[in-house]
Amino acid sequence: MLIVCSSPAYAWTYNVQWGDSLYTLSRRYATDINTLKAVNQLPNDQILAGGKLWIPDEQPETRAKAATLQHNVNTGDLYLLARLINGEARGEPFEGQVAVGAVILNRVKSGKFPRTIAGNVYKAGEFESVANGQIWQPLTSSALKAAKAAFSGWDPSGGALYFFNPAKIHNPYSWIWSRSVIHRIGQHVFAL
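-18 is the number of the first residue of the sequence shown in the working numbering; add one for each residue after it.
Structure follows, in C-alpha cells:
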C-alpha cells in the first residue's frame, strides 16, 4: 500500500480569518500563492474565513530570520515574549501561542498598559506563569516560532488585550468575566 501525504515536510495549519487572502498569507509567511494553492489543492485563489490552510515552512529558519530582521526585533524582547508564550500557552495550538504573544504586543501599542514587553510580562499579578515560575521552563521551539510570528504582525487574537483559560478561573465574580470576549483558540479565550 502506498500512502501519499499532500502536506510538505514542514508545515502547520492556519485558521483563515476574515480579510485573509492567499496574497497576504503568502507575504506573511514568505511563500508564494502558487505554493499555497498546490499544498492546499485549491482550484482558484478563493479562501473562506473559518477554513484551514496548510502553511508550508520548508525553510523555517530563513523565514523566521527574515521576519526578525524586517521588524528590527530586540533579541531580549523576542526571548522574553517566547518565554511568556511557553509558560502561558505550552500545549496549545500554534495559532493560540501566537495569539498570546499578540496580546502582549497589543498591550504595548494600546497606551493602556506598560509600553514595553518586560513591563507587561512582569506587571504584578498579571500572568500565572510569572508567579509560579513556569516562565523559566526550558523554551520550546514552538514558543520561539510563535513569538517571531507575533512580531511579524500576525494577530490571531483579533486585537485582544486579555486572554485567559476559563477552566482556571474559579471565582464567578472575577473581573475577567467583565471583559468582552472576541475569540477562542484552544483552551484560551481572548477579550478586550
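All residues carry an ideal CB built from backbone N, CA and C; glycine is no exception.
Owing to the predicted nature of the structure, the values given are computational and were not obtained by experimental measurement.
Discussion item. As a quick exercise: from Gln27, Leu29, Gln78, pick the residue whose alpha carbon is nearest that of Phe145.
Written reply: Of all alpha-carbon atoms in Gln27, Leu29, Gln78, the one lying nearest the alpha-carbon of Phe145 is that of Gln78.
Worksheet item: Beta-carbon separation of Ser7 and Leu23 under 7 Å?
Response: no
Worksheet item: What three-state label does DSSP hand Val81 in the structure shown?
Response: helix
Discussion item. In the DSSP assignment, the beta strand (DSSP E) including Val162 goes from what residue to what residue?
Written reply: 162 to 166
Worksheet item: Straight-line CA distance for Phe94 to Ala30?
Response: 31 Å
Worksheet item: So is Thr12 buried or exposed if we call it buried at 16+ other beta carbons inside 10 Å?
Response: buried
Worksheet item: How far does the beta strand (DSSP E) with Lys33 in it reach, from first residue to last?
Response: 33 to 37
Practice prompt. Please check the pair Phe171 and Ala141, which I expect to be a contact at CB under 8 Å, by giving their CB distance rounded to whole angstroms.
Written response: 4 Å
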